[in-house]
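Protein chains in written order, with my numbering: chain G, 1 to 358; chain U, 359 to 664.
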């Protein structure tokens with residue numbers, strides 16, 4: 001039932017988009033599709049900040065209508081198609097679950113350019129872009145290992161897709177680089193957005209003695225629980241310091257604006273090409289929120305690691321690394337290739353969880 | 359605090375909104391009106407309670423705002439279905455859609471703002487009892503209200519004259535009307551009571567459960583309460599038990615994961631719904647008791663002869 005509500009909201013938003021297009025036909029339309037609300041304080045808000053940055057930069061030359069709360073599934077296809085028909089020249093679909101819908105619509109509208117965020121399927125008019133979140137999560141793991149008093153942390157995870165599994169593994173790699181006995185517990189909530197359930201998961205973990213929390217879900221609820229229970233946590237997608245002034249150690253912050261701006265430039269210049277972009281800390285698409293609530297030596301370590309990742313000296317997935325069951329994955333000095341990372345469907349050694357079947 | 363107490367506390371927090379909203383819907387349905395808009399009324403309550411608490415600085419003002427928002431919003435449903443005799447199912451669904459949209463719009467300014475938590479009321483002496491004292495007598499006002507509501511609704515429906523009239527309307531509005539009972543007026547009040555309860559449940563979400571405002575934060579709990587009323591076969595104490603069963607399964611599956619029991623999380627997430635189906639099968643097995651409890655005029659429009 002909720003799905004219908006969201007579709008209705010999406011259609012209403014699309015209608016608004018179309019009517020504003022009629023007033024300004026000379027402006028180039030660059031459109032965005034969000035899975036959540038543009039003010040969710042997390043993932044979708046981070047994309048919307050990117051959109052606002054582009055709008056401010058290009059001013060009157062472009063307009064940037066967006067659809068929010070678009071459910072992943074058949075409705076997404078309709079929403080994207082509606083945008084394509086309404087005169088959008090470039091459409092950013094910002095969630096992994098929009099992948100197949102974007103592929104289908106892109107095939108139908110060869111003159112419109114599409115960019116799908118965090119997916120892996122591309123086409124002549126369909127580019128993909130992603131951020132190397134795992135680079136940041138490696139730093140979080142290191143900080144967790146220094147901060148936790150009982151050699152462990154809990155990871156509130158949404159769905160067992162490669163992106164999430166990769167993040168869990170990178171966090172564990174970072175933690176193990178400091179504390180080889182570090183155990184990472186994973187708790188699956190099977191949702192991106194349910195503050196109540198995310199809070200319940202956080203409480204369950206704290207009640208079982210976990211003192212560092214990290215999350216790959218979209219609301220600030222786990223951070224809020226960490227603040228109330230006096231433990232530490234990491235923000236996700238946005239700086240969540242407002243929800244956890246004493247709890248937040250740092251956050252991985254998505255800053256899509258730079259990428260969006262680059263692509264809109266290419267569109268206006270006529271140099272847009274379908275590419276598969278995967279930038280990280282070095283390119284500024286991923287930033288770390290200020291390191292707070294930690295001793296100076298931990299902060300120094302985090303800053304050093306950040307610099308080393310930027311320079312390429314540290315890669316979170318550098319061998320020797322074993323898979324969870326102890327079978328070797330990477331030989332000493334060997335680095336994981338992007339293809340393996342993007343399709344990651346196994347845990348590395350040290351993760352204290354059984355990966356749900358996909 | 360032991361882990362046992364900690365689990366009990368989270369179970370209570372998760373179950374309370376379900377119990378409250380389901381009790382309200384139970385009274386509405388006992389009067390013969392099917393209001394599928396619980397999700398919408400709940401989310402309106404959540405946003406109003408959050409806004410009220412922020413503006414006034416007091417969570418108690420927030421509670422009042424939440425209740426008022428739920429009741430007023432249900433008045434719209436009552437007017438459409440009782441006065442204009444619109445289809446109850448369609449109107450209820452529309453109420454949910456409208457509530458989700460309007461609350462998102464009204465709440466935009468409050469997103470990611472730190473919330474105000476409703477404080478605990480410590481009951482002297484009783485709160486010193488080991489385990490139970492901490493869990494039951496150091497709770498927030500809304501929890502105490504939920505218990506009072508179970509007792510009150512149960513007494514009202516089965517022990518008071520007004521409750522007898524309300525049930526009579528739900529079972530046969532034509533006969534009740536012939537006896538001179540005010541069908542439409544009673545139904546208006548029943549719908550508004552349901553709305554007020556849903557609003558209170560929403561206030562619990564944004565003031566106790568997760569003191570914050572996020573769009574769609576009711577996350578389908580309104581739909582669960584609708585199932586809960588059927589699950590409880592329109593009995594207040596069974597609503598109470600069912601609400602806690604749902605809450606417990608949700609919480610325990612998270613703890614089971616944290617303990618590292620190797621059960622797939624998707625399976626555990628599904629358990630509350632599987633439990634509903636099982637109970638529905640069990641209660642429908644005895645067709646006579648089901649029929650006795652189901653209000654016979656449920657969902658049927660009443661048009662008085664002139």
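Heads up, the beta-carbon is just placed ideally off N, CA and C, and yes, glycines get one too.
In chain order, what residues of the same chain lie with their CB nearer than 6 Å to the CB of residue i, ignoring the 5 residues before and after it?
i, result
"residue 371(U)", "567"
"residue 369(U)", "605, 606 and 609"
"residue 345(G)", "none"
"residue 294(G)", "249"
"residue 261(G)", "54 and 57"
"residue 454(U)", "395, 397 and 398"
"residue 120(G)", "342"
"residue 224(G)", "243"
For residue i, is the classification buried or exposed, using 16 other Cβ atoms within 10 angstroms of its Cβ as the cut-off for buried?
i, result
"residue 375(U)", "buried"
"residue 616(U)", "buried"
"residue 516(U)", "exposed"
"residue 362(U)", "exposed"
"residue 631(U)", "exposed"
"residue 216(G)", "buried"
"residue 163(G)", "buried"
"residue 41(G)", "buried"
"residue 596(U)", "buried"
"residue 373(U)", "buried"
"residue 108(G)", "exposed"
"residue 10(G)", "Because residue 10(G) sits at a pLDDT of 47, beneath the cut-off of 50, its placement in the model cannot be relied upon, and the following sentence gives the value as read from the coordinates. The residue is buried, with at least 16 neighbouring Cβ atoms inside 10 Å."
"residue 540(U)", "exposed"
"residue 327(G)", "exposed"
"residue 625(U)", "exposed"
"residue 174(G)", "buried"
"residue 135(G)", "buried"
"residue 447(U)", "exposed"
"residue 619(U)", "exposed"
Among the options, whose alpha-carbon lies nearest the alpha-carbon of residue i?
i, options, result
"residue 434(U)", "577(U), 598(U), 396(U) and 581(U)", "396(U)"
"residue 288(G)", "239(G), 296(G), 295(G) and 316(G)", "239(G)"
"residue 297(G)", "142(G), 103(G), 324(G) and 272(G)", "142(G)"
"residue 166(G)", "343(G), 349(G), 356(G) and 352(G)", "343(G)"
"residue 48(G)", "56(G), 55(G), 89(G) and 38(G)", "38(G)"
"residue 458(U)", "652(U), 575(U) and 658(U)", "575(U)"
"residue 553(U)", "414(U), 402(U), 420(U) and 564(U)", "402(U)"
"residue 104(G)", "134(G), 87(G), 76(G) and 70(G)", "76(G)"
"residue 246(G)", "233(G), 237(G) and 252(G)", "233(G)"
"residue 405(U)", "470(U), 520(U) and 523(U)", "470(U)"
"residue 478(U)", "641(U), 411(U) and 493(U)", "493(U)"
"residue 258(G)", "52(G), 26(G), 28(G) and 36(G)", "52(G)"
"residue 547(U)", "563(U), 524(U) and 532(U)", "524(U)"
"residue 148(G)", "184(G), 252(G), 124(G) and 65(G)", "184(G)"
Skipping 5 residues on each side, what residues in its chain have a beta carbon closer than 7 Å to that of residue i?
i, result
"residue 24(G)", "Low confidence applies here, because residue 24(G) scores a pLDDT of 48, under 50, leaving its location unreliable; read the following figure in that light. These residues qualify, in order along the chain: 63."
"residue 22(G)", "Low local confidence applies: a pLDDT of 47 at residue 22(G) is under 50, so the model's placement there is unreliable, and no value is given."
"residue 131(G)", "254, 279, 280, 285 and 286"
"residue 181(G)", "151"
"residue 116(G)", "93, 98, 99, 102, 126 and 128"
"residue 407(U)", "420, 421, 423, 424, 560, 561, 564 and 565"
Does DSSP classify residue i as helix, strand or coil?
i, result
"residue 575(U)", "coil"
"residue 613(U)", "helix"
"residue 88(G)", "coil"
"residue 590(U)", "coil"
"residue 355(G)", "coil"
"residue 492(U)", "helix"
"residue 340(G)", "helix"
"residue 502(U)", "helix"
"residue 251(G)", "strand"
"residue 660(U)", "coil"
"residue 581(U)", "helix"
"residue 256(G)", "coil"
"residue 21(G)", "Confidence is the limiting factor: at residue 21(G) the pLDDT is only 45, short of 50, which leaves the residue's position unreliable, though a coordinate-based value still follows. Three-state result, residue 21(G): helix."
"residue 513(U)", "helix"
"residue 96(G)", "helix"
If we define contact as Cβ-Cβ less than 8 Å, is residue i a contact residue for chain B?
i, result
"residue 288(G)", "Looking for chain B here will not work: the only protein chains present are G and U."
Which residues in the same chain have their Cβ closer than 8 Å to the Cβ of residue i, if we skip the five residues on either side of it in sequence?
i, result
"residue 308(G)", "314"
"residue 490(U)", "none"
"residue 192(G)", "35, 36, 43, 158, 159, 217 and 218"
Item to check | the stretch 182 to 193 of chain G: positions lying closer than 9 Å to chain U by Cβ | outcome: 185, 186, 187, 188, 189, 190, 191 and 193
Checklist entry - For the stretch 367 to 394 of chain U, which residues have a beta carbon sitting closer than 7 Å to at least one beta carbon of chain G? => result 368 and 372
Checklist entry - According to a CB-to-CB cut-off of less than 7 Å, which residues of the stretch 220 to 236 of chain G neighbour chain U? => result 220, 221 and 224
Item to check | chain G contacts made by the stretch 567 to 588 of chain U, where a contact means CB separation under 8 Å | outcome: 567, 568, 569, 570, 572, 573, 574, 575, 577, 578, 579 and 581
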